[in-house]
Amino acid sequence: ALVDGGSQVDLISPTIVNRLRIPWRIKRKQHIVKGPFDTQWVRRETEPLAIPVEGKTTEVVFDIVEMGPKKDMILGRPWHRIYDPDISWKGGGHLRPREQRKYPTNSMESADDGSRQSEAPRRATSKDPPQETSTARQCTTDSRRGGSHQQQRGSARPGQR
Numbered sequence: 190a191l192v193d194g195g196s197q198v199d200l201i202s203p204t205i206v207n208r209l210r211i212p213w214r215i216k217r218k219q220h221i222v223k224g225p226f227d228t229q230w231v232r233r234e235t236e237p238l239a240i241p242v243e244g245k246t247t248e249v250v251f252d253i254v255e256m257g258p259k260k261d262m263i264l265g266r267p268w269h270r271i272y273d274p275d276i277s278w279k280g281g282g283h284l285r286p287r288e289q290r291k292y293p294t295n296s297m298e299s300a301d302d303g304s305r306q307s308e309a310p311r312r313a314t315s316k317d318p319p320q321e322t323s324t325a326r327q328c329t330t331d332s333r334r335g336g337s338h339q340q341q342r343g344s345a346r347p348g349q350r
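Okay, so the sequence shown: first residue is 190 according to the working numbering, each after it adds one.
Shown next as structure tokens:
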């Protein structure tokens with residue numbers, strides 16, 4: 190899996206879904222995804238999957254998209270919000286769950302009293318066939334220039350028309 194803090198969504202390839210027989214469903218709200226692969230509609234998603242990373246397990250719902258032969262899974266911002274990774278590039282690097290602190294380490298941080306719950310939102314299974322609409326939301330996994338962005342279809346970026 191690729192851990193990508195610039196990706197707006199968590200993605201998995203249909204090849205992996207089929208090989209591992211991962212249960213999936215039709216998305217209730219479909220959207221377009223852009224990235225280092227062909228731009229495409231996301232019409233399917235997995236059921237919640239338990240993803241263990243370095244001793245901490247989180248439930249993730251992946252959007253199913255074709256990403257090419259060399260990519261099978263991208264853990265994006267939704268996973269980052271739930272897992273809250275501590276990533277360091279020093280000494281060869283590491284990825285691990287962030288330690289919960291009882292007391293703040295600086296004036297901008299609040300103490301964690303253990304009451305904070307982070308759960309993945311539940312999504313209802315849709316039995317309706319996929320339909321393309323002009324109000325589709327677009328997401329990107331492109332993390333150029335310090336981070337990716339999400340833009341409504343047809344709306345201009347600042348300074349563009």
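By construction, the Cβ of each residue, glycine as well, lies at the ideal position given by its N, Cα and C atoms.
| Query | Result |
| --- | --- |
| Let me confirm a value: Arg-266 is counted as buried when at least 16 other C-beta atoms fall within 10 Å, else exposed. Which label applies? | buried |
| What does Ala-190 pair with, by DSSP beta-bridge criteria? | Paired residues: none, contrary to the question. |
| Starting from Pro-241, follow the beta strand (DSSP E) in both directions and report where the run begins and ends. | 238-242 |
| In the DSSP assignment, find the unbroken alpha helix (DSSP H) run with Ile-205 in it and report its ends. | 203-208 |
| For the beta strand (DSSP E) holding Ala-274, just list the boundary residues, first then last. | Checking the sequence shown, residue 274 turns out to be Pro, not Ala. Looking at the DSSP string, the run of the beta strand (DSSP E) that includes Pro-274 is 274-277. |
| Is Ile-271 helix, strand or coil when you go by DSSP? | helix |
| Among the residues of its own chain, which have a CB less than 8 angstroms from the CB of Asp-227, if the five just before and after it don't count? | Glu-255 |
| Beta-carbon within less than 7 angstroms of Pro-203's beta-carbon, same chain only, minus the 5 sequence neighbours each way: which residues are those? | Ile-253 and Glu-255 |
| Between which residues of its own chain and Gly-257 is the CB-CB distance below 7 angstroms, once the five residues before and five after are set aside? | Phe-226 |
| Based on Cα-Cα distance, which residue from Pro-286, Trp-268, Gly-281 and His-269 lies nearest to Asp-275? | Pro-286 |
| Assign Arg-266 to one of three DSSP states: helix, strand, or coil. | helix |
| Taking 7 angstroms as the threshold (C-beta atoms), are Trp-278 and Asp-199 in contact? | no |
| In the DSSP output, which residue or residues are listed as bridge partners for Glu-233? | Contrary to the premise, residue 233 reads as Arg rather than Glu in this sequence. According to DSSP, Arg-233 bridges with Ile-215. |
| Report all residues from its chain with a CB closer than 7 angstroms to the CB of Val-206; omit the five preceding and five following residues, and keep chain order. | Trp-213, Thr-235 and Ile-253 |
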